[in-house]
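Novice: First the structure, then my questions, so here it is.
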Amino acid sequence: NREPLKKKLIELIGEDLSQRPYVLVTGHRRENFGGGFGEICTALSTLAEKHPDYLFIYPVHLNPKVQKPVYDTLGKFDNIKLIPPQPYSEFVSLINNSRIVLTDSGGVQEEAPSLGKPVLVMRDTTERPEGVEAGTVKLVGANADNIISSVNELIEDKTAYDKMAQAKNPYGDGKAATRIAEAVLNFLDQ
């Protein structure tokens with residue numbers, strides 16, 4: 508049940524984007540600079556080799572401490588697509604059409620569960636523990652072995668995937684705007 512992808516994304520990444528499952532990756536946190544990004548890149552290269560039928564889409568942060576290890580390690584893989592950071596609507600389209608989100612971002616931990624996407628967080632802690640408690644988010648750290656085993660499990664085990672994808676979203680049901688509009692209209696009618 509994939510929605511149409513933005514034409515700009517298909518032009519940037521290629522027709523494969525609309526035909527193959529993919530893992531969306533984001534990484535930019537200082538705590539992962541150095542060894543953490545080394546672990547993340549090791550994990551992604553291993554996963555790309557193990558799952559050639561999957562794409563790994565990575566909008567790479569502009570910080571040189573992120574770009575250098577990412578491009579040096581991952582730039583040679585056909586199924587890893589390193590792209591520039593995307594405007595919000597394109598990024599949400601990427602989340603919505605992905606199978607799995609692998610991130611160290613805080614905001615993505617809220618957005619992806621709203622779209623039914625399992626989120627693996629490449630950090631040891633999160634300021635959004637309700638996602639972990641609800642089962643929509645799993646902490647894997649910036650540890651290659653943990654990242655690899657967790658992504659493999661979600662790709663290879665439908666039950667594990669469904670458990671995360673169908674967990675109750677702790678951030679609401681996506682209908683707040685409608686409720687607010689109705690409340691404002693009711694207030695104005697009084």
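Counting along the sequence shown from 1, when you hit position 8 you're at 515 in my numbering, and nothing is skipped either side.
Beta carbons are placed, not taken as given, at the ideal position from N, Cα and C, and that holds for glycine.
These numbers come from a predicted model, not from an experiment.
Between SER612, VAL626 and ARG686, which has its C-alpha nearest LEU661's C-alpha?
Specialist: Comparing Cα-Cα distances from LEU661 to each of SER612, VAL626 and ARG686, the minimum goes to VAL626.
Novice: Taking the CB atoms as reference points, tell me whether VAL530 and SER612 lie closer together than 8 Å.
Specialist: No, they are not a contact pair.
Novice: Below 8 Å on the Cβ atoms is my guess for VAL658 versus ILE590; work out the distance and round it to an integer in Å.
Specialist: Contact doesn't hold; Cβ gap of about 19 Å is too wide.
Novice: With 16 as the cutoff for other CB atoms within 10 Å, does ALA619 come out buried or exposed?
Specialist: With 16 or more Cβ atoms within 10 Å of its Cβ, ALA619 is classed as buried.
Novice: I'd like to know whether the C-beta atoms of MET629 and ILE654 end up nearer to each other than 8 Å.
Specialist: Yes, they are a contact pair.
Novice: Relative to the C-alpha of LYS624, which candidate in VAL644, PRO636 and ALA690 has its C-alpha closest?
Specialist: Minimum Cα distance to LYS624 is reached at VAL644.
Novice: Going straight from the alpha carbon of ASN508 to that of TYR668, what length do you get?
Specialist: Caution is warranted here: a pLDDT of 48 is assigned to ASN508, below 50, making its placement in the model unreliable, and the coordinate value is therefore given only provisionally. Those two C-alpha atoms are separated by around 15 Å.
Novice: Quick one: residues in its chain with C-beta nearer than 6 Å to the C-beta of GLU689, no 5 flanking neighbours on either side, listed in chain order?
Specialist: Same-chain partners within the cutoff: there are none.
Novice: Thinking THR549 and THR610 are a contact (beta carbons under 8 Å), I'd like their distance in whole angstroms, please.
Specialist: Wrong, their Cβ atoms sit about 17 Å apart, outside the cutoff.
Novice: Determine the direct distance from the alpha carbon of ASN693 to that of ASN603, and round the result to whole angstroms.
Specialist: Going by the C-alpha atoms only, they are around 33 Å apart.
Novice: In angstroms, rounded to a whole number, what distance separates the CA positions of LEU695 and ARG686?
Specialist: If you take the alpha carbons of LEU695 and ARG686, they lie about 14 Å apart.
Novice: Tell me whether LEU692 sits in a helix, a strand or coil according to DSSP, three-state version.
Specialist: Reduced to three states, the DSSP call for LEU692 is helix.
Novice: With DSSP run on the structure shown, which of helix, strand or coil describes LYS575?
Specialist: In this structure, LYS575 counts as helix in the three-state DSSP scheme.
Novice: By the DSSP assignment, the alpha helix (DSSP H) with PHE544 in it spans what residues?
Specialist: Counting along the chain, the alpha helix (DSSP H) containing PHE544 begins and ends at 542-557.
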